[in-house]
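Under numbering that gives the first Met the number 0, the final residue of the sequence shown carries the number 258; numbering is consecutive throughout.
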Amino acid sequence: MLASTRNAKLESFVYIPPEAAFGAARILIKPNLAYPQGPPITVSMTVLEKVLRGIRRVNPHGRIVVADGVTADIDALENFKQLGLLDIIDNETRVADAETLLMTEYQNTSPNPAKYQTITAPGYIKEYDCCIVVSTFKRTIRNGEPFVSASINSLVGLLPRSVYHWSDPLGHTALHEPSLGDVLKDIYYSIGYFFHGAVVDLTYKLISPDEHITHGDVVPLGQVVWGDNLIAVDEAACRLAGEPLPGYLKELKRESRAR
């Protein structure tokens with residue numbers, strides 16, 4: 000089956016979930032809420048609410064869990080509250096600090112792992128009937144080259160810092176060696192392929208002058224991109240944002256075609 004993507008202006012965005020969401024008993028939503036800052040550092044509550052409404056239209060009674068971690072010295076649940084998450088969820092939706100969930104080891108299915116043979120992440124990813132990631136769009140600079148952080152990079156927020164912190168206990172700095180792009184491929188082949196859909200919030204894009212994703216120029220785009228394949232959605236988001244595909248995304252695209 001060919002991957003499909005769609006895009007719409009924010010004001011007309013009506014989310015159509017992947018087929019797996021229809022009738023799913025349990026649905027995991029992974030938004031980008033890792034920082035105590037609003038859009039485009041974190042996802043817009045407007046976009047996230049439209050995603051949740053879209054799921055409820057096709058699945059009124061399924062259990063939805065919204066989970067993410069944090070990359071700062073803050074309490075995750077308090078951060079979710081401050082960002083407005085609790086104001087947009089219904090009574091059948093729960094929120095969770097990803098680091099408090101029961102972890103399991105996921106085998107890296109890549110024939111040529113860059114660093115990790117397995118990835119530690121919440122068991123919900125393979126246990127739930129439908130998994131969807133909702134991300135921001137950030138263009139940084141790494142090793143002198145443009146680097147895009149969208150839905151695949153957002154999966155990092157599900158990984159426990161206790162395992163991947165290395166030199167910074169508040170972050171996932173172990174993932175930056177030998178290069179973040181190479182490690183993102185490991186993450187995709189371990190947990191990314193379990194995800195049934197992705198949404199990229201292109202209300203704004205962040206253009207950072209360096210590798211940091213919490214500062215830079217904010218460029219309004221007023222768009223949302225979504226679909227049933229993380230690689231295809233990130234590619235479509237790059238195209239719509241006018242940014243070149245980063246090396247890791249080019250490689251994932253090529254490898255996915257070869258499989």
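Backbone N, C-alpha and C fix where the C-beta goes; we use that ideal spot for every residue, glycine too.
Beta-carbon contacts of Lys5 that lie in its chain and below 7 Å, excluding the five residues immediately before and after | Note on identity: in this sequence residue 5 is Arg, with Lys being the wrong assignment. Only Trp225, Gly226 meet the Cβ criterion.
Selected residue, minimal CA-CA separation from Tyr105, among Gly122, Ala95, Asp96 | Gly122
With DSSP run on the structure shown, which of helix, strand or coil describes Glu210?
-> coil
If you run the structure through DSSP and keep just helix, strand and coil, what is Glu144?
-> strand
With distances taken between CB atoms, is the gap from Ile206 to Asp216 smaller than 8 Å?
-> yes
Where Ala97 falls: helix, strand or coil (DSSP) = helix
Applying the criterion that 16 or more other CB atoms from any shown protein chain within 10 Å of the CB defines a buried residue, is Thr99 buried or exposed?
-> exposed
Please say whether Asp200 and Ala133 have beta carbons closer to each other than 8 Å?
-> Per the sequence shown, the amino acid found at residue 133 is Val instead of Ala. Going by C-beta atoms, Val133 is nearer than 8 Å to Asp200.
Have a look at Phe79 and Ser153 and give me their C-alpha separation to the nearest angstrom.
-> 16 Å
Rounded to a whole number of angstroms, what is the C-alpha to C-alpha distance between Val218 and Lys204?
-> 5 Å
Which residue's Cα is closest to the Cα of Glu48: Lys125, Ile15, Pro177, Leu76?
-> Ile15
Return the first residue and the last residue of the beta strand (DSSP E) that Ala75 is part of.
-> From DSSP, Ala75 is part of no beta strand (DSSP E) but of the alpha helix (DSSP H) over 75 to 82.
Go ahead and label Gln222 buried or exposed: buried means 16 or more other beta carbons lie within 10 angstroms of its beta carbon, across all protein chains shown.
-> buried
Does DSSP classify Ala19 as helix, strand or coil?
-> helix
Contacts around Leu1, its chain only, beta-carbon distance under 7 Å, and the 5 residues preceding and following it disregarded = In this prediction, Leu1 has a pLDDT of 47, which is less than 50 and means its spatial position is unreliable; what the coordinates show is noted afterwards. Contacts found: none.
How many whole angstroms separate the CB atoms of Ala197 and Ile131, which I take to be in contact at a CB cut-off of 8 Å?
-> 7 Å
With burial defined as no fewer than 16 other Cβ atoms inside 10 Å of the residue's Cβ, what is the status of Phe146: buried or exposed?
-> buried
Within the same chain, show all residues whose beta-carbon is closer than 8 Å to that of Ile118, passing over the 5 residues directly before and after it, in chain order.
-> Glu104, Tyr105, Asn107, Leu158, Asp185, Ile186, Ser189, Ile190
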